[in-house]
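Undergrad:
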Amino acid sequence: MTTHTEPTAFTPDPADVAAMTTSRPPGHGDVRAYDWIAHHGDNRAAKEAVRDLGTGRSFTYGELDRRVDAMAAYFGSLGIGRGDRVAVLAHNGVEYFDVQFACARTGAICVLLNWRLTVAELEYILNDSSPKLLVHDTEFVASAGELQRRCGIGTTLEIAGGAPDSPYEQALAASDGCPVERVALTHDDVVTIMYTSGTTGLPKGAMITHGMNFWNCVNLGIPAGVGLDTVHLNVLPLFHTGGLNCYSNPVLHAGGTVVLLRQFDPGETLRILGDPEQAITHFFAVPAPYQFMMQHPDFATTDLSRLRIAGVGGAPCALTIMEKWMERGVLLSQGFGMTETSPAAIFLDPGDALRKIGSTGKALMHTEFRIVDEDGADCGADEVGELWVAGPHITPGYWNKPEATAGAFEGRWLKTGDAARCDDEGFVYIVDRWKDMYISGGENVYPAEVENVLYQIEGVAEAAVIGVPSDRWGEVGLAVLALAPGASVDRQQVQEYCTERLARFKVPADIAIVDALPRNATGKVLKRELRTTFVGTDAPSIS
0 MTTHTEPTAF TPDPADVAAM TTSRPPGHGD VRAYDWIAHH GDNRAAKEAV
50 RDLGTGRSFT YGELDRRVDA MAAYFGSLGI GRGDRVAVLA HNGVEYFDVQ
100 FACARTGAIC VLLNWRLTVA ELEYILNDSS PKLLVHDTEF VASAGELQRR
150 CGIGTTLEIA GGAPDSPYEQ ALAASDGCPV ERVALTHDDV VTIMYTSGTT
200 GLPKGAMITH GMNFWNCVNL GIPAGVGLDT VHLNVLPLFH TGGLNCYSNP
250 VLHAGGTVVL LRQFDPGETL RILGDPEQAI THFFAVPAPY QFMMQHPDFA
300 TTDLSRLRIA GVGGAPCALT IMEKWMERGV LLSQGFGMTE TSPAAIFLDP
350 GDALRKIGST GKALMHTEFR IVDEDGADCG ADEVGELWVA GPHITPGYWN
400 KPEATAGAFE GRWLKTGDAA RCDDEGFVYI VDRWKDMYIS GGENVYPAEV
450 ENVLYQIEGV AEAAVIGVPS DRWGEVGLAV LALAPGASVD RQQVQEYCTE
500 RLARFKVPAD IAIVDALPRN ATGKVLKREL RTTFVGTDAP SIS
């Protein structure tokens, strides 16, 4: 195992600390951030850490620790150090953990990119975050080259499926054994930036600190029973907080095993869940994968008896899905969280799943919540208001966006934008979204971003996007358009135009033409009236 050079004294740069804490909610002071992988590499080197099904490789904690050190040394060869950014554009693989923990070891910041986005969308994110290195799959080599040119990225590194002669593995081999000086970091230091679409139409980079990661491991690990014997199957993309932090990072923190599937497939996922050799104990997904699996012909015969925890979140879960899994002896544990909460905030204990079906549960140990009305006053039991949360796992804010950060908080309280109610036993129910965002296949879609594109279409005078029910995706977008006099626009034209400029999950599934959008006296579009018109009880569900 590579020898780590420990700093002789814990002396964080005062300028760095000041910069990180300016205009932010209270942080964690000088609480030191510790290196999980180094700890397990020293104490259980032979224990399996990551099983990468996409490449057929398995890595012990000792091997993962060595890979992280090699990646950290590679960073050093490129002049990447504390505060510098490293971006990842890839499908699920051990490389995410190499890069994430190398950033944690050196003080760099990992920027995780949604590979479903277009080059134009990624360009904005990369110009905002300014990484020095872009790590990417072979599948995205053309996009990576274009982004390197457009965004002035110094170096790109191709993964190539883990092949020994790939540029990525060669870089690790060349750096293997080189000394690495780990930087002394605190819980307030940023380790990851995860971009979420903004209600203004531009993505916002939620800053994830070492402290957020740690407290999420505590918050989520305790009720989910994460430990050394945990074997977690991850099918969600690791660029999402659900993939990285539910339960992958908590499992690595505890010394368990993370099993990675490159992309979700219902039949393959069921096969893995039922395979005694894989011995999966934990699983997490948004509702759609659970729905696709229960519709698969193998669902009725798959042995699910080894599955201890099946978590669901990211979108409201239909009762029919929960009931179908219940019939197979699996109680889905609902929860509430968001990228900005790292993400676990509220969790429904499996013991309450039957009695409180439909609830997202109670606040986790290190989380506080309030439900407030439009004036910020606390609501009574079962009164609907906006959910606010606080705790050590809450983001300090958005990268390069102090105004957005200020607008997201009321003192120490993060305003989630979700409408919720709380019963007299303290169980929270998410009833709607306070804002206009909708969720399609587990992906957040913010209408303003789509509307910005729709307004570029010739003949479109007014545009508003709302989420409508979908049997397949939970929700999809409906573009409500008012046209200029004499103009004509059809669905195919709208979809083709949007597909060139937006990720597919953001492209409206249908359009509706109206004479004019309903507005209030100040000119604001009344989306509640559009929902009443197009998402009433008689509204069809779009597949």
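FYI, in numbering that gives the first Met the number 0 the residues of the sequence shown are 0 to 542. Using N, Cα and C, we set each Cβ at its ideal position, and we do this for glycine too.
How long is the line joining the alpha carbons of Phe-282 and Pro-288, rounded to whole angstroms?
TA: Start at 1 with the first residue of the sequence shown, and residue 282 comes out as number 283. Start at 1 with the first residue of the sequence shown, and residue 288 comes out as number 289. Their backbone Cα atoms lie some 11 Å apart in a straight line.
Undergrad: Taking only three categories from DSSP, how would you classify Ser-22?
TA: Here residue 22 corresponds to residue number 23 of the sequence shown, with the count starting at 1. Per-residue confidence for Ser-22 stands at a pLDDT of 39, beneath the threshold of 50, marking its modelled position as unreliable; the derived number appears in the next sentence. Residue state, collapsed to three classes: coil.
Undergrad: Mark Glu-442 as exposed unless 16 or more other C-beta atoms lie within 10 angstroms of its C-beta, in which case mark it buried.
TA: One-based indexing of the sequence shown puts residue 442 at position 443. The residue in question, Glu-442, is buried, as its Cβ has 16 or more Cβ neighbours within 10 Å.
Undergrad: Where Asp-297 and Ala-278 are concerned, what is the direct C-alpha to C-alpha distance, given to the nearest angstrom?
TA: Your numbering for residue 297 matches position 298 in the sequence shown. Your numbering for residue 278 matches position 279 in the sequence shown. Distance between the alpha carbons of Asp-297 and Ala-278: 18 Å.
Undergrad: Whole angstroms is fine: what's the gap from Glu-47's alpha carbon to Gly-406's?
TA: Counted from its first residue, the sequence shown places residue 47 at position 48. Counted from its first residue, the sequence shown places residue 406 at position 407. Approximately 44 Å between the Cα atoms of the pair.
Undergrad: Can you tell me whether DSSP reads Phe-9 as helix, strand or coil?
TA: By 1-based counting over the sequence shown, the position of residue 9 is 10. Reliability fails at Phe-9, whose pLDDT of 30 lies under 50, so the model's placement of it is uncertain and the value that follows must be treated cautiously. It is coil, neither helix nor strand.
Undergrad: Which residue from Val-98, Trp-398, Arg-420, Thr-359 puts its Cα closest to that of Asp-377?
TA: Reading the sequence shown from its first residue, position 378 is the one you call residue 377. Minimum Cα distance to Asp-377 is reached at Arg-420.
Undergrad: Out of Ile-438, Thr-301, Ala-511, point me to the one whose CA is closest to Asp-489's CA.
TA: In the sequence shown, counting from the first residue as 1, residue 489 sits at position 490. Answer by Cα proximity: Ala-511.
Undergrad: For a quick check, are the C-beta atoms of Val-383 and Ala-344 less than 7 Å apart?
TA: By 1-based counting over the sequence shown, the position of residue 383 is 384. By 1-based counting over the sequence shown, the position of residue 344 is 345. No, the Cβ-Cβ distance between Val-383 and Ala-344 is not below 7 Å.
Undergrad: Going by the DSSP bridge assignment, what does Leu-398 pair with across the sheet?
TA: In the sequence shown, residue 398 corresponds to position 399, counting from 1. Checking the sequence, you will find Trp at residue 398 rather than Leu. According to DSSP, which records beta bridges pairwise, Trp-398 is partnered with nothing at all.
Undergrad: Ends of the alpha helix (DSSP H) at Val-140?
TA: Reading the sequence shown from its first residue, position 141 is the one you call residue 140. Looking at the DSSP string, the run of the alpha helix (DSSP H) that includes Val-140 is 140-150.
Undergrad: Do you know how far the Cα of Leu-201 is from the Cα of Ile-124?
TA: On the sequence shown, position 125 is the one that residue 124 refers to. On the sequence shown, position 202 is the one that residue 201 refers to. If you take the alpha carbons of Ile-124 and Leu-201, they lie about 9 Å apart.
Undergrad: If you follow the beta strand (DSSP E) that Met-292 is in, where does it begin and where does it stop?
TA: Residue mapping note: residue 292 aligns to position 293 of the sequence shown, counting from 1. No beta strand (DSSP E) contains Met-292, which is instead part of the alpha helix (DSSP H) from 286-293.
Undergrad: Would you tell me roughly how many angstroms separate the C-alpha atoms of His-295 and Lys-434, rounded to the nearest one?
TA: Taking the first residue of the sequence shown as 1, we reach residue 295 at position 296. Taking the first residue of the sequence shown as 1, we reach residue 434 at position 435. If you take the alpha carbons of His-295 and Lys-434, they lie about 34 Å apart.
Undergrad: Enumerate in chain order the residues of its own chain whose CB-to-CB distance from Ser-57 is below 8 Å, with the five nearest sequence positions on each side excluded.
TA: Here residue 57 corresponds to residue number 58 of the sequence shown, with the count starting at 1. For Ser-57, where only same-chain residues beyond five positions count, the Cβ hits under 8 Å are Glu-47, Val-49, Arg-50, Asp-51.
Undergrad: Given this structure, state the Cα-to-Cα distance separating Tyr-428 from Val-230, to the nearest angstrom.
TA: What you label residue 428 is simply residue 429 of the sequence shown in a count that begins at 1. What you label residue 230 is simply residue 231 of the sequence shown in a count that begins at 1. The alpha-carbon atoms of Tyr-428 and Val-230 are separated by roughly 30 Å.
Undergrad: Suppose you measure from the CA of Ala-32 to the CA of Thr-498; what does that come to, to the nearest Å?
TA: Looking up residue 32 in the sequence shown gives position 33. Looking up residue 498 in the sequence shown gives position 499. If you take the alpha carbons of Ala-32 and Thr-498, they lie about 43 Å apart.
Undergrad: Is the CB-CB distance between Tyr-445 and Glu-474 below 7 Å?
TA: In the sequence shown, counting from the first residue as 1, residue 445 sits at position 446. In the sequence shown, counting from the first residue as 1, residue 474 sits at position 475. Not a contact, by the Cβ cut-off of 7 Å.
Undergrad: For Asn-42, count neighbouring C-beta atoms within 10 Å of its own C-beta (all shown protein chains included) and say buried if the count is 16 or more, exposed if not.
TA: Walking along the sequence shown from the start, residue 42 turns up at place 43. Asn-42 comes out exposed.
Undergrad: Grab me the residues of Ile-152's own chain with a C-beta within less than 8 Å of its C-beta, minus the 5 sequence neighbours each way, in chain order.
TA: Residue numbering aside, residue 152 sits at position 153 when the sequence shown is read from its first letter. Excluding positions up to five away in sequence, the list reads Ala-86, Leu-125, Pro-130, Lys-131, Leu-132, Leu-133, Leu-146.
Undergrad: Is the CB-CB distance between His-392 and Asn-248 below 7 Å?
TA: As a position in the sequence shown, residue 392 is number 393, starting the count at 1. As a position in the sequence shown, residue 248 is number 249, starting the count at 1. No, the Cβ-Cβ distance between His-392 and Asn-248 is not below 7 Å.
Undergrad: Determine the contact status of Val-449 and Lys-526, defining contact as a CB-CB distance below 7 Å.
TA: Translated into the one-based positions of the sequence shown, residue 449 becomes position 450. Translated into the one-based positions of the sequence shown, residue 526 becomes position 527. Cβ distance not < 7 Å, so Val-449 and Lys-526 don't count as in contact.
Undergrad: I need the DSSP call for Tyr-95, collapsed to helix, strand or coil.
TA: Residue mapping note: residue 95 aligns to position 96 of the sequence shown, counting from 1. Three-state result, Tyr-95: helix.
Undergrad: Can you tell me whether Trp-35 is helix, strand or coil according to DSSP?
TA: As a working note, residue 35 is residue 36 in the sequence shown. Helix.
Undergrad: Candidates Thr-359, Leu-363, Phe-263: which alpha carbon is nearest Asn-91's?
TA: Here residue 91 refers to the residue found at position 92 when the sequence shown is read from its first residue. Nearest C-alpha to Asn-91: Phe-263.
Undergrad: Looking at the structure shown, is Met-436 part of a helix, part of a strand, or coil, going by DSSP?
TA: Here residue 436 corresponds to residue number 437 of the sequence shown, with the count starting at 1. Reduced to three states, the DSSP call for Met-436 is coil.
Undergrad: Give a yes or no on whether the C-beta atoms belonging to Ala-460 and Ala-483 are separated by under 7 Å.
TA: For this step, residue 460 is matched to residue 461 along the sequence shown. For this step, residue 483 is matched to residue 484 along the sequence shown. Closer than 7 Å, so yes.
Undergrad: Scan the segment 442-479 and note each continuous beta strand (DSSP E) run of 3 residues or more that stays entirely inside, going in chain order.
TA: The qualifying runs are 442-444, 459-469.
Undergrad: Distance check for Glu-339 and Ala-352, CA to CA, integer angstroms please.
TA: Translated into the one-based positions of the sequence shown, residue 352 becomes position 353. Translated into the one-based positions of the sequence shown, residue 339 becomes position 340. If you take the alpha carbons of Ala-352 and Glu-339, they lie about 26 Å apart.
Undergrad: Just tell me which of Glu-276, Ile-207, Leu-227, Tyr-60 has its CA closest to the CA of Asn-596.
TA: Residue 596 lies beyond the stretch modelled for the chain, which goes from 0 to 542, so this question has no answer here.
Undergrad: Output the distance between the C-alpha atoms of Glu-138 and Arg-115, rounded to the nearest integer angstrom.
TA: Against the sequence shown, residue 138 aligns to sequence position 139. Against the sequence shown, residue 115 aligns to sequence position 116. Looking at the two C-alpha atoms, the distance is approximately 12 Å.
Undergrad: Any idea which residues DSSP pairs Gln-333 with across the strands?
TA: What you label residue 333 is simply residue 334 of the sequence shown in a count that begins at 1. DSSP, once it has assigned bridges, lists Val-311 as partnering Gln-333.
Undergrad: Please work out which residues of its chain come closer than 6 Å, Cβ to Cβ, to Val-285, disregarding the five sequence neighbours upstream and downstream, and give them in chain order.
TA: To locate residue 285, count along the sequence shown from 1; it is residue 286. If we look at Val-285 and ignore the five residues flanking it on each side, its Cβ neighbours are Gly-313, Ala-314, Gly-441.
Undergrad: Short of 6 Å in beta carbon distance, which residues of its chain neighbour Leu-330, apart from the five on each side in sequence? Order them along the chain.
TA: As a position in the sequence shown, residue 330 is number 331, starting the count at 1. Closer than 6 Å at the Cβ level, and outside the excluded window around Leu-330, lie Pro-349, Ala-352.
Undergrad: Nearest by alpha-carbon distance to Asp-136: which of Met-337, Pro-166, Tyr-60 is it?
TA: Residue 136 sits at position 137 when you count from the first residue of the sequence shown. Cα-wise, what sits closest to Asp-136 is Pro-166.
Undergrad: Tell me whether Ser-487 is buried or exposed, calling it buried when 16 or more other Cβ atoms sit within 10 Å of its Cβ.
TA: By one-based count along the sequence shown, residue 487 stands at place 488. Counting Cβ neighbours within 10 Å, Ser-487 comes out exposed, since fewer than 16 surround it.
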